[in-house]
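Each residue of the sequence shown is one higher than the one before, counting from 0 in numbering that gives the first Met the number 0. Scroll down for the structure; my scribbles are underneath it.
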Amino acid sequence: MGVLGKLLNIYPKLIVSFLLVLTPVYVISLMMNNYGASNVRAKIEDAMKSRVGFYIRQLEGDFSLITRTQEEFVNYRDVRMLSSKGEVYSDNDWRNAVLNVRSRLISLSNSSNYVRSASVYLPSVNRLISSANTYDLLPDEEYKALKGVSQRLADPFVYWNNRLYISFPYSNLALINGREPSFLVSAEIATEKVGEMLDSLMIDESGGTMVVGRDGRWVLTGKKGNTELEREMLTYVQQNIDPSAPAQETVKKDIHVKTVQFGGQSYWVYAEDSRDMGFSLLMYTPESEMLGSLKQYRVWFWVLSFISLLVIILFSYWIFLQIHQPLLRLIRAFRGMENGKNEALVYKRSDEFGYLYQQYNQTTNRIQELIHEVYEQNYRANLSELRQLQSQINPHFLYNNFYILYRLARNGENEKIAEFTSFLGKYFKFITRTHKGTIRLEEETAFSRLYVDIQTFRFEERIEARFEELPPAYADAMVPKLILQPILENVYQHGMRNTLEGGLLEVRFDPQEEGLDIIVEDNGEPMPDVEYEDLQLKLQATGWLDVETTGLVNVHRRLRLEFGNRGGVTFSRKSGGGNQVVISIPNVREKRAED
């Protein structure tokens, strides 16, 4: 309690010290944040102005190209010829003139993506020539609407019947004293193309864009805009149109950059007028979308301030945890070791305490390995005796053998009965006699060959067995008892269980530089994937005590105990079908039977 009391006395001093250091930093950071927010807002506004300016220049350029192309029709002889009165031309001249005019109309319609079609109206002959392969009577209502254009150059747009046109009526006396123009060239605007351009101008689907004609007579919007919001914006723009303004100014100057409220939400409105064509381009976007990140920065600034204060308060406690608690954990671990709890410490540290934990874990692992080695030897010795006792009284094995004797006796095969009972006698003599844990390799192979001979009586029509002779140099090598017979038993019971004919079991001896490999192969069914993977894990496992063993795994463990890591069993599946088991016995020439 005394140490804790002193530690609590340090807390206020640490808190005050850190606050004194961090307060000026936070004041400066707040000022920089406000300054940066102002700069970002200004840059966003400049960027939006530039964006709107770029698109309106692009749109203005296309529309200007259309009007210039229309003006060139004044110089076309064919147009003047067709629009003249009183002069008589041959049918051929008239036809050629119509085709030439239509060709130029097609060129006009192809001059811009925003032109849907182009037409020439000839009121003197009551005819219409169109780029859409049309030569027809003059449509009166359409012609009257188009010739009513207010200003041929400054405001050439006519909105009629939900369609937008650029109209160019020509006559030296046109629009004066109600005189009819000599001819009129119109270009219908592809409003859907303009809408696509407006959609590309949009930054966020929450906003929108529109093109507004002079006095608000016509409006084009994008396809992705909010219809209800567009209606509110159009109403706002129409209310702010200045009828007395020149043609170059469609909307009031004070809404060219302005923040307005719609539906309880603030919007930034950007508008720019075409200097030559008499229309305006507007873009509006939610202020929250543009400045949302800046507001988030301010919120996070105060959150960071609160977290920093909390970190300062907990800093001293963190120091206590970093030093005192790891030492306390290590002391408790050593006390647990004294009580027999050899548990490894789980850690993620890379400092000095991590090194101490690592050394402690290595010590406990080594102690655990020594305990396992002693216990494993006793455990495997007892397990080996248990396996031997199980082999002695295996009722299924006895049943099969007695059934074979019954079959031989029933068939009167006395010689085979004598041979078979001789095999059985030698077999039971081997497994029932008392013997120490290791035997000569020659005895082990002889017993295994005896087991194969017994099984041959049972499977003689299904399985052929080929058993090589043991090389004499390895006859006296000492090996654990029952290392080959369980492998052969596994082949008969599992690998070739479903083999009805053509089965082959081979036992070979492959001398190595430092030992001997006993190879057992069959052409039966390959082990299924799940069982194969499980067996490989068991053969590779190091924690033997908690692994359920089979005959093959038991042999592997006993060879490891006897010969170390160089001894053991490997299991594999052959590519052509069947399985292979390799029993590795190292240093067999050094293992000799004791006299």
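Every residue, glycine too, gets a C-beta built ideally from N, C-alpha and C. A quick note: this is a predicted structure, and the numbers were derived from the prediction, not measured.
For my contact list, S116 and E187 are in at a C-beta cut-off of 8 Å; report their separation, rounded to the angstrom.
5 Å between Cβ atoms; contact.
Would you identify the three-state DSSP class for S116, choosing helix, strand or coil?
strand
Alpha carbons only, please: which of L280, S273, E288, A36 is nearest the one belonging to Q264?
E288
Looking at chain C, is there any beta carbon in it that lies within less than 7 Å of the beta carbon of D475?
As a matter of chain content, chain C is missing from the structure shown, which is built from one protein chain.
Residues in its own chain within less than 7 Å of S487 by CB, not counting five upstream and five downstream?
Position check: residue 487 holds Leu in this sequence, whereas Ser was assumed. Cβ neighbours of L487 beyond the five flanking positions: S447, Y450, V451, V519.
Please go through the same chain and pick out, in chain order, the residues whose beta-carbon is closer than 6 Å to the beta-carbon of Y426, but skip the five residues on each side of it.
L449
For the candidate residues I517, G501, F72, whose alpha-carbon lies nearest to that of Q484?
I517
Can you list the beta strand (DSSP E) stretches of 3 or more residues lying completely in the stretch 471–542, in chain order?
477–479, 502–511, 514–521
Does the stretch 273–287 come into contact with the stretch 207–217, if we say contact requires no fewer than three beta-carbon pairs (one atom in each stretch) closer than 8 Å?
yes
In whole angstroms, what is the alpha-carbon distance linking S129 and A144?
When rounded, the separation of the alpha-carbon atoms in S129 and A144 is 17 Å.
Taking only three categories from DSSP, how would you classify V124?
Three-state result, V124: coil.
Select from L308, E372, A417 the residue whose C-alpha is nearest the C-alpha of Y25.
L308
Between G567 and L558, how many whole angstroms is the CB-CB distance? I'm expecting something under 8 Å.
5 Å
Quick check on S130: does DSSP put it in helix, strand or coil?
coil
Would you call S243 buried or exposed, if buried means 16 or more other Cβ atoms sit within 10 Å of its Cβ?
In this prediction, S243 scores a pLDDT of 46, lower than 50, which makes its location untrustworthy; the coordinate-derived value is nonetheless stated afterwards. By the neighbour-count rule (16 or more Cβ atoms within 10 Å), S243 is not buried but exposed.
By alpha-carbon positions, which one of V580, G563, F466, T363 ends up nearest to N586?
Taking N586 as reference, the option from V580, G563, F466, T363 with the minimal CA-CA separation is G563.
Figure out for me which residue from T22, D198, S185, I370 has the closest Cα to the Cα of F156.
Taking only the C-alpha atoms, the option nearest F156 is S185.
Mark F53 as exposed unless 16 or more other C-beta atoms lie within 10 angstroms of its C-beta, in which case mark it buried.
exposed
By Cβ distance below 6 Å, which residues in the same chain neighbour I438 in space, the five residues on each side in sequence not counted?
Excluding residues up to 5 positions away in sequence, K480 lie with their Cβ nearer than 6 Å to the Cβ of I438 in the same chain.
Per DSSP, A41 forms a beta bridge with which residues?
Paired residues: none, contrary to the question.
For G456, which of S110, T444, N400, G494 has the nearest alpha-carbon?
Checking the sequence shown, residue 456 turns out to be Phe, not Gly. Among S110, T444, N400, G494, the Cα nearest to that of F456 is on N400.
Contact between the stretch 98–116 and the stretch 57–65: three or more CB pairs below 8 Å?
Touching, yes, given that three or more Cβ pairs across the two stretches are closer than 8 Å.
Select from N132, D92, L137 the residue whose C-alpha is nearest the C-alpha of S106.
Checking every option, the nearest Cα to that of S106 belongs to N132.
First and last residue of the beta strand (DSSP E) that includes N601?
This structure cannot settle anything about residue 601, because the visible part of the chain is limited to 0 through 594.
Would you check if the stretch 359–374 and the stretch 408–427 touch, i.e. whether three or more CB-CB distances between them fall below 8 Å?
no
For P325, which three-state DSSP category applies?
helix
Measuring straight from C-alpha to C-alpha, what distance separates Y283 and D90?
Straight-line Cα distance between these residues: approximately 57 Å.
Per DSSP, what kind of secondary structure is E375 in: helix, strand or coil?
helix
Measuring only the C-alpha atoms, how far is H555 from I482?
Cα to Cα, the separation comes out at about 8 Å.
Between the alpha carbons of K573 and P527, how many angstroms are there, rounded?
Looking at the backbone, the Cα of K573 and that of P527 are separated by about 13 Å.
Whose C-beta lies closer than 8 Å to the C-beta of G147 among residues of the same chain, with five residues either side of it excluded?
V157
May I ask you to report which of helix, strand or coil DSSP gives I202?
coil
Ignore the nearest five residues each way along the sequence and tell me which others in N125's own chain have a CB closer than 8 Å to its CB.
L136, L137
I'd like to confirm the pairing. Which residues does DSSP put opposite A464 in its beta bridges?
L504
DSSP on G353, reduced to helix/strand/coil?
helix
What residues in its chain sit with their C-beta under 6 Å from that of V581, if we drop five residues either side in the sequence?
Excluding sequence neighbours, V581 sits near D516, I518, T569.
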